[in-house]
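J.: Taken in order, these protein sequences are the chains called U and X.
Letter by letter, the first sequence follows residues 978 to 1319 of my numbering.
Letter by letter, the second sequence follows residues 978 to 1319 of my numbering.
By construction, the Cβ of each residue, glycine as well, lies at the ideal position given by its N, Cα and C atoms.
There are 2 protein chains.
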Amino acid sequence: MSTSRAEVAAPTVHDVAGRAGVSHQTVSNVLNAPERVRPATRERVQRAIDELGYRPHRSARNLKARSTRTLGYLVQPIAAGAINAVLDRFLHALSDAARIQGYHILLFTRAEGQDDVAAYRELIASSAVDGFIVSETNYQDERVRFLLRREVPFAVFGRTELDEPHPWVDVDNAAGTRQAVAHLSSNGHKRIAFLGWPEGSITGDERHRGYREGLLAAGLTPHPEYEVRRPDGESEGWAACETLQALTEPPTAVVCCSDLLAAGVLRNAAARGLRVGEQCAVIGFDDTPVAAYMTPTLTSVRQPLEAVAETVIAQLIARIENPLQASGQRLLTPDLVLRTSA
Amino acid sequence: MSTSRAEVAAPTVHDVAGRAGVSHQTVSNVLNAPERVRPATRERVQRAIDELGYRPHRSARNLKARSTRTLGYLVQPIAAGAINAVLDRFLHALSDAARIQGYHILLFTRAEGQDDVAAYRELIASSAVDGFIVSETNYQDERVRFLLRREVPFAVFGRTELDEPHPWVDVDNAAGTRQAVAHLSSNGHKRIAFLGWPEGSITGDERHRGYREGLLAAGLTPHPEYEVRRPDGESEGWAACETLQALTEPPTAVVCCSDLLAAGVLRNAAARGLRVGEQCAVIGFDDTPVAAYMTPTLTSVRQPLEAVAETVIAQLIARIENPLQASGQRLLTPDLVLRTSA
DNA sequence: CGTTCAAATTTGATCGTTCAAATCCGCCGA
DNA sequence: TCGGCGGATTTGAACGATCAAATTTGAACG
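1) Taking the alpha-carbon positions, what's the Arg982/X to Leu1301/U distance?
2) Taking 8 Å as the threshold, find out whether the region 1232-1252 of chain U comes into contact with the region 1304-1314 of chain U through three or more Cβ pairs.
3) How would you call Asn1009/U, buried or exposed, if buried means at least 16 neighbouring beta carbons within 10 angstroms?
4) Just to check, is the beta-carbon of Trp1145/X closer than 7 Å to a non-hydrogen atom of the ligand MN?
5) Skipping 5 residues on each side, what residues in its chain have a beta carbon closer than 7 Å to that of Val1285/U?
6) Where does Leu1197/U fall in DSSP's three states?
7) Assuming Ala1258/U and Ala1230/U are in contact, meaning their beta carbons sit under 8 Å apart, how far apart are those beta carbons, in whole angstroms?
8) Expressed to the nearest angstrom, what Euclidean distance is found between the alpha-carbon atoms of Val990/X and Gln1117/U?
9) Could you check if Asp1107/U is buried or exposed, using at least 16 other CB atoms within 10 Å of its CB as the buried criterion?
10) Comparing alpha-carbon positions, which option in Gly1254/X, Thr1047/X, Ile1026/X lies nearest Ser1036/U?
11) Using the Cβ count rule (16 or more neighbours within 10 Å means buried), how would you classify Gly1261/U?
12) List the endpoints of the continuous alpha helix (DSSP H) containing Val1242/U.
13) Count the other CB atoms within 10 Å of the CB of Gly1196/X; is the residue buried (16 or more) or exposed (fewer)?
14) In chain X, what lies closer than 8 Å to Thr1198/U by C-beta?
15) What do you reckon, are the CB atoms on Ile1364/U and Arg1136/U nearer than 8 Å?
16) Measuring alpha carbon to alpha carbon, tell me which of Ile1082/X, Arg1122/X, Ala1096/X, Val1111/X ends up nearest Ala1105/U.
17) Checking the sheet assignment: what are the DSSP bridge partners for Leu1051/X?
18) Can you say whether Ala1194/X is buried or exposed, counting buried as having 16 or more other CB atoms within 10 angstroms of its CB?
19) Using the Cα positions of Arg1120/X and Ser1163/U, report the straight-line distance between them to the nearest angstrom.
20) Going straight from the alpha carbon of Val1232/X to that of Gly1177/U, what length do you get?
21) Classify Glu1255/U as helix, strand or coil using the three-state DSSP reduction.
22) Which partner residues does Leu1309/U have in the DSSP bridge list?
23) Alpha carbons only, please: which of Leu1139/U, Glu1190/U, Glu1211/U, His1143/U is nearest the one belonging to Trp1174/U?
24) Tell me the DSSP secondary structure of Leu1172/U in three-state form.
25) Going by the DSSP bridge assignment, what does Cys1233/U pair with across the sheet?
26) What are the start and end residues of each continuous beta strand (DSSP E) run of 3 or more residues lying completely inside the region 1120-1144 of chain X, in chain order?
27) Looking at the structure shown, is Val1278/U part of a helix, part of a strand, or coil, going by DSSP?
28) Could you confirm whether any beta carbon from chain X is found closer than 8 Å to the beta carbon of Thr1086/U?
29) Based on DSSP bridge pairs, tell me the residues matched to Ile1260/X.
30) Taking 6 Å as the limit between beta carbons, can you name the residues of its chain near Thr924/U, skipping five residues before and five after?
31) Are Ala1319/X and Leu1192/X close, meaning C-beta to C-beta below 8 Å?
32) Return the CA-CA distance between His1069/U and Arg1013/X, expressed in angstroms with no decimal places.
33) Pop quiz: Val1111/X and Phe1131/X are said to be a contact at Cβ under 8 Å. What is the actual Cβ separation, rounded to whole angstroms?
34) For Pro1054/X, go through chain U and note every residue whose CB falls closer than 9 Å to its CB, in chain order.
35) Please classify Arg996/U: does DSSP put it in a helix, a strand, or coil?
36) Please confirm whether Leu1064/X has its beta-carbon closer than 8 Å to some beta-carbon of chain U.
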């Protein structure tokens, strides 16, 4: 019976073997251990493979080899109005780095009313992936603890403060704000404020630490009233700016924990008639695509996401292929992208 | 020999069968055709499943069932400085819609020096996915032609102008610009310009058509000199604004093909001391996160990406499960998000 | 009470690959 | 000439699920 769909059955290892006049196992060897096959045979098999356009059936290989060459990545829901403008860049870099090593990225989300861990558990139980890339972690990250306990390979973009070592890559957030302060100070600024998130997020706390260190390195004394800690958000940036401007000696420059906070500061400054970039300076963090189109264009700290992705993939694959592999830990330095706001 | 890794072998259908005192096939039936199993037995098996935390081994199931319940999505490289700020929203919506139907999204990229089609071909040959979600298509899209020829299930976000029918979902781009023009006209604007991409992109051409239709609907006559077609980019927006302002009767409002072009217009207007939102109006397209943080905040057309993702997934899965399924075609209407620029 | 038939359950084969073990082949040296 | 040996190749089983066919169970009925 021929259906209307052409649906040519994909060639198998047996088809190739038949055409090349060898056994199925020899074909398998050509693919997985070519040194075991005599060059003449190898060539003959390779020709048959090319002619038939044969590719090993992924599921069959996965089943027997007990590995899927697939890495899981949990996509977090995006809060309305929030920006995760680095995700597209990160995901492309991630899949590309994975591809080069013969792996793929599998996206998954958590079901409503389910917690993140349950989503990981599901994929592990069904042997759907060989490991996970985890991002957006925090101090005692539950997912990381879970993966450690289950001894499932994973690598983290970000950090935790768990005792047990595990592979991670992070951007040196402190170095980012340190650079920002150094830049401002070299431009003559003495009254430099910090606008960051409330204590409790690793990333935010690191950026705060870098700010402090930057001041000291520049020979400036930290003033507590110059440190405003508020949640992320454009209107939070506006409000923080109000607070700072109400001081008897307002700062002349602000280092912000995100481009979003910086946007609020810029808008407030504009409303006050302050010329940012001349009278005062603002620096953001993340170099989101927004930064280049603000008025004035925003100087911002840019994360080397491509390098992060490459490193985190390399770590994870090393772990998968040799579970006893020591866990690497890498800090990558971000760059300050200079525009007109500072 | 016990290794240092705990690595408890995952339970199989036989383990469950043993514990429940039934055969392996009954366990399979409980999972895939529960109506064939007597309620009492079903319950007993279910209990064993729960106690063991059993989940079917994905690769084994895929091999025998000849389906992977996985959908491929090609991640395009992001040009430096370009924005694909809708991708994160779209990908989350996509994986979430897929999850609800028991599917996953597999990301892949094209190798350097390889064309897109080759990347699709690779996944098809290795039976790695059941179908594809294709986006960012154009008139005679090569990928779509290839997938049609190979009779591989796929669904498109966007459109092509190929003769052969295929499932697609698109945002009614013309309706978006039509709404924009209607809004401007109801605010008293008579000289409304269009700033869009050069002819040759379906999306851009549709947005242009909607602009024309909007003018006619409002009883306004189109003026060729009010239509500027330029590539995407912030500086292109700036340049286009220069052109328009050089006219003897410059327009009082501009409908833009993207938020990026609109950003350039806003910046140019600010430089000229024009008060956008009062003296003149600007509308963008896509409601990228950028829009809310421009000065003034940008009125923009927002695409219903969640609905698009849901629909495109539903179409694709329908196709996979029944290849003879007629190909659905859906146009979804975007919304105008009002802010201060218009 | 035996027969019949549908529903419930089991048995055995199979998907396409890789692993492990067996066999084959050619060459060398005694 | 033949045994031995090592590399090349083949054979057969297995991974863990589902499909198809065979078998058992149980209820209904003459």
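T.: So, from the listed chains and residues:
1) Numbered from 1 along the second sequence, position 5 holds the residue referred to as residue 982/X. Numbered from 1 along the first sequence, position 324 holds the residue referred to as residue 1301/U. Model confidence at Arg982/X stands at a pLDDT of 39, short of 50, so the residue's coordinates are unreliable and nothing is read from them.
2) no
3) Taking the first sequence and counting its residues from 1, one reaches residue 1009/U at position 32. Exposed.
4) Here there are no bound small molecules, and the ligand MN is not part of this structure.
5) Locating residue 1285/U in the first sequence gives position 308, counting from the first residue. So the qualifying residues of the chain are Phe1134, Val1146, Val1148, Leu1309.
6) Counting from 1 along the first sequence, the entry for residue 1197/U is found at position 220. Residue state, collapsed to three classes: coil.
7) Here residue 1258/U corresponds to residue number 281 of the first sequence, with the count starting at 1. Here residue 1230/U corresponds to residue number 253 of the first sequence, with the count starting at 1. About 4 Å separates the two Cβ atoms, so the contact holds.
8) Here residue 990/X refers to the residue found at position 13 when the second sequence is read from its first residue. Here residue 1117/U refers to the residue found at position 140 when the first sequence is read from its first residue. Approximately 36 Å between the Cα atoms of the pair.
9) Counting from 1 along the first sequence, the entry for residue 1107/U is found at position 130. Burial call: buried.
10) As a position in the first sequence, residue 1036/U is number 59, starting the count at 1. Closest by alpha carbon: Thr1047/X.
11) Start at 1 with the first residue of the first sequence, and residue 1261/U comes out as number 284. Buried is the call here.
12) Translated into positions along the first sequence, residue 1242/U becomes position 265. Segment 1236-1248, the alpha helix (DSSP H) holding Val1242/U.
13) Taking the second sequence and counting its residues from 1, one reaches residue 1196/X at position 219. The residue is exposed, with fewer than 16 neighbouring Cβ atoms inside 10 Å.
14) Reading the first sequence from its first residue, position 221 is the one you call residue 1198/U. Those within 8 Å of Thr1198/U in chain X number zero; the least Cβ separation is about 33 Å.
15) Since the first residue shown for chain U is 978 and the last is 1319, residue 1364/U is missing from the structure and cannot be characterised.
16) Taking the first residue of the first sequence as 1, we reach residue 1105/U at position 128. Nearest C-alpha to Ala1105/U: Ile1082/X.
17) Taking the second sequence and counting its residues from 1, one reaches residue 1051/X at position 74. Leu1051/X pairs with Phe1085/X.
18) Along the second sequence, read from residue 1 onward, the residue named residue 1194/X stands at position 217. It is exposed - the Cβ of Ala1194/X has fewer than 16 other Cβ atoms within 10 Å.
19) In the second sequence, counting from the first residue as 1, residue 1120/X sits at position 143. In the first sequence, counting from the first residue as 1, residue 1163/U sits at position 186. Spanning the two alpha carbons is a distance of roughly 53 Å.
20) Against the second sequence, residue 1232/X aligns to sequence position 255. Against the first sequence, residue 1177/U aligns to sequence position 200. The straight-line gap from Cα to Cα measures roughly 44 Å.
21) Along the first sequence, read from residue 1 onward, the residue named residue 1255/U stands at position 278. Glu1255/U falls in the coil class under three-state DSSP.
22) The residue you call residue 1309/U lines up with position 332 of the first sequence. DSSP output for Leu1309/U lists Val1148/U as bridge partner(s).
23) Residue mapping note: residue 1174/U aligns to position 197 of the first sequence, counting from 1. Ranking the options by Cα distance to Trp1174/U, first place goes to Glu1211/U.
24) Position 195 of the first sequence, counted from the start, is the residue given in the question as residue 1172/U. Residue state, collapsed to three classes: strand.
25) In the first sequence, counting from the first residue as 1, residue 1233/U sits at position 256. According to DSSP, which records beta bridges pairwise, Cys1233/U is partnered with Leu1172/U.
26) 1131-1134
27) Against the first sequence, residue 1278/U aligns to sequence position 301. Note: Val1278/U maps to strand in three-state DSSP.
28) Numbered from 1 along the first sequence, position 109 holds the residue referred to as residue 1086/U. It does; some Cβ of chain X falls within 8 Å.
29) Locating residue 1260/X in the second sequence gives position 283, where the first residue counts as 1. Per DSSP, Val1232/X, Thr1276/X.
30) Not covered by the structure: residue 924/U. The range shown for chain U is 978 to 1319.
31) By one-based count along the second sequence, residue 1319/X stands at place 342. By one-based count along the second sequence, residue 1192/X stands at place 215. Taking 8 Å as the Cβ cut-off, Ala1319/X and Leu1192/X do not qualify as a contacting pair.
32) Working through the first sequence from its first residue, we reach residue 1069/U at position 92. Working through the second sequence from its first residue, we reach residue 1013/X at position 36. Going by the C-alpha atoms only, they are around 45 Å apart.
33) Taking the second sequence and counting its residues from 1, one reaches residue 1111/X at position 134. Taking the second sequence and counting its residues from 1, one reaches residue 1131/X at position 154. Indeed, because the Cβ distance is near 6 Å, the residues count as touching under 8 Å.
34) Counting from one through the second sequence, the residue named residue 1054/X turns up at place 77. Going along chain U in sequence order, the residues near Pro1054/X (Cβ under 9 Å) are His1069, Asp1073.
35) As a position in the first sequence, residue 996/U is number 19, starting the count at 1. Three-state DSSP puts Arg996/U in a helix.
36) One-based indexing of the second sequence puts residue 1064/X at position 87. True, the Cβ-Cβ gap to chain U drops below 8 Å.
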